[in-house]
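The sequence shown runs 4 to 297 under my numbering.
All residues carry an ideal CB built from backbone N, CA and C; glycine is no exception.
These notes concern the structure reproduced below.
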Amino acid sequence: MTTQLATESTALYDIPGPRTQQRHLVYGVISTALILALAGWVVHLLFDTDQFTSAKWTPFEYKGIQELLLRGLGNTLRAFVFASVFSIALGAILATGRLSDHRPLRWIATLLVEFFRAMPVLVMIFFIFVALKVQPLPALVAGLTLYNGSVLAEVFRTGVNSVERGQKEAAFSLGMRKTQVMTYVLVPQGIRAMLPTIISQLVVALKDTSLGYLITYEEFLHAGKLIASNLDYDLPFIPVVMVISPIYIGMCMLLSWFATWMARRQKRNPKTEAVDVAPAEPGTLLPKGVPPGP
């Protein structure tokens with residue numbers, strides 16, 4: 004029985020034999036040794052260049068430096084929240100235009116999506132900040148919104164079109180209008196396909212908030228740059244990177260965890276779960292030809 008299950012579970016490839024398993028073990032040991040050697044070499048370089056001296060790490064003990072980093076982190080999260088909300092809203096509007104039955108509206112939406120997707124986000128931020136003379140925060144949010152909103156528009160359109168065509172046709176056969184079909188049939192089913200890509204794009208928006216330091220927006224990276232370029236602290240560039248990078252990575256991992264949690268929550272949603280049917284109970288057996296009683 005065990006052999007049969009193993010054969011069924013590995014039907015797409017051959018079961019590795021003893022020699023193959025030994026070879027894979029050797030490959031794993033060699034790869035682990037190389038990774039550890041590389042990590043040791045990097046640590047050696049950091050010690051050799053005096054990156055762990057107290058002079059480079061003492062600044063992080065000062066209250067003013069801590070407040071500077073916290074203020075920069077707060078500004079980064081503020082820009083990210085605004086850009087995320089506006090990007091999702093703009094993406095929904097542009098996706099609606101691309102899915103419209105009216106050809107002029109569809110052409111305009113397509114032109115906007117393709118233009119803002121092709122335009123580098125840094126160029127848009129600089130144009131809004133310099134040419135239109137907008138303040139740093141609105142300029143950063145506007146640039147991120149235009150780029151990420153155009154990308155999310157394609158995500159929304161693809162997610163809606165990924166729903167089986169029969170669902171749409173069945174909804175129209177029931178007399179539903181297109182707005183009702185989109186709201187109650189296509190979007191709820193397509194959201195599962197959209198969610199991972201939406202979160203991935205929001206991670207991109209979070210990382211792109213670091214472009215704000217180029218237009219003097221005091222976000223997290225800008226605060227780190229001020230500390231790293233300070234001669235009084237012996238130019239602690241590497242320590243600043245070692246402090247800021249884990250925070251950025253942690254925020255991105257938190258978004259990924261949120262996407263996983265949302266996907267599991269949707270699976271547990273009673274509106275999408277199958278209805279449990281009660282087991283059949285034994286009834287009274289009647290003789291053949293005798294109708295049941297009142």
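For residue j and residue i, the rounded distance between their alpha carbons
| i | j | result |
| --- | --- | --- |
| Lys66 | Gln183 | 56 Å |
| Thr56 | Leu37 | 28 Å |
| Pro107 | Leu115 | 12 Å |
| Cys255 | Leu209 | 8 Å |
| Gly253 | Ala92 | 26 Å |
| Leu238 | Pro62 | 11 Å |
| Arg160 | Val207 | 19 Å |
| Tyr150 | Leu189 | 25 Å |
| Met185 | Pro191 | 8 Å |
| Ile18 | Gly31 | 18 Å |
| Ala173 | Ser103 | 19 Å |
| Phe119 | Trp110 | 14 Å |
| Arg180 | Arg268 | 29 Å |
| Pro249 | Tyr216 | 19 Å |
| Leu39 | Val29 | 15 Å |
| Ala112 | Arg101 | 6 Å |
| Glu167 | Tyr187 | 14 Å |
Residues near residue i in its chain [Cβ-Cβ closer than 6 Å; skip 5 each side]
| i | result |
| --- | --- |
| Phe223 | Gly75, Leu76, Thr79 |
| Gly94 | Gly152, Leu155, Ala156, Phe159 |
| Val137 | Ile131 |
Same chain, Cβ closer than 8 Å to residue i, neighbours up to 5 away in sequence not counted
| i | result |
| --- | --- |
| Phe50 | none |
| Ser165 | Gly193, Ala196 |
| Leu71 | Ala226, Leu229, Ile230 |
| Leu3 | Because the chain is modelled from 4 through 297, residue 3 falls outside the range shown and cannot be assessed. |
Burial state of residue i, where buried means 16 or more other Cβ atoms lie within 10 Å
| i | result |
| --- | --- |
| Lys59 | buried |
| Ser153 | buried |
| Gly169 | exposed |
| Phe261 | exposed |
| Val84 | exposed |
| Leu205 | buried |
| Ser213 | buried |
| Val45 | exposed |
| Gly43 | exposed |
| Asp211 | buried |
| Val133 | exposed |
Unbroken alpha helix (DSSP H) run spanning residue i, endpoints
| i | result |
| --- | --- |
| Thr79 | 66–101 |
| Ile201 | 190–211 |
| Met127 | 124–129 |
| Asp51 | 21–51 |
| Ala58 | 57–60 |
Anticipated Cβ contact below 8 Å, residue i with residue j, distance rounded
| i | j | result |
| --- | --- | --- |
| Gly227 | Ile202 | Not quite, the Cβ-Cβ distance comes to about 25 Å (not below 8 Å), so this is no contact. |
| Ile218 | Leu143 | 7 Å |
| Val140 | Ala98 | What sits at residue 140 in the sequence shown is Leu, not Val. Leu140 to Ala98, Cβ: 27 Å. No contact. |
| Gln69 | Ile241 | Not quite, the Cβ-Cβ distance comes to about 19 Å (not below 8 Å), so this is no contact. |
Contact set for residue i: own chain, Cβ-Cβ below 7 Å, skip 5 residues either direction
| i | result |
| --- | --- |
| Gly146 | Val124, Met127, Ile128, Ile131 |
| Pro199 | Ala262 |
| Val243 | Gly227, Ile230, Ala231 |
| Thr148 | Ala86, Phe89, Ser90, Leu93 |
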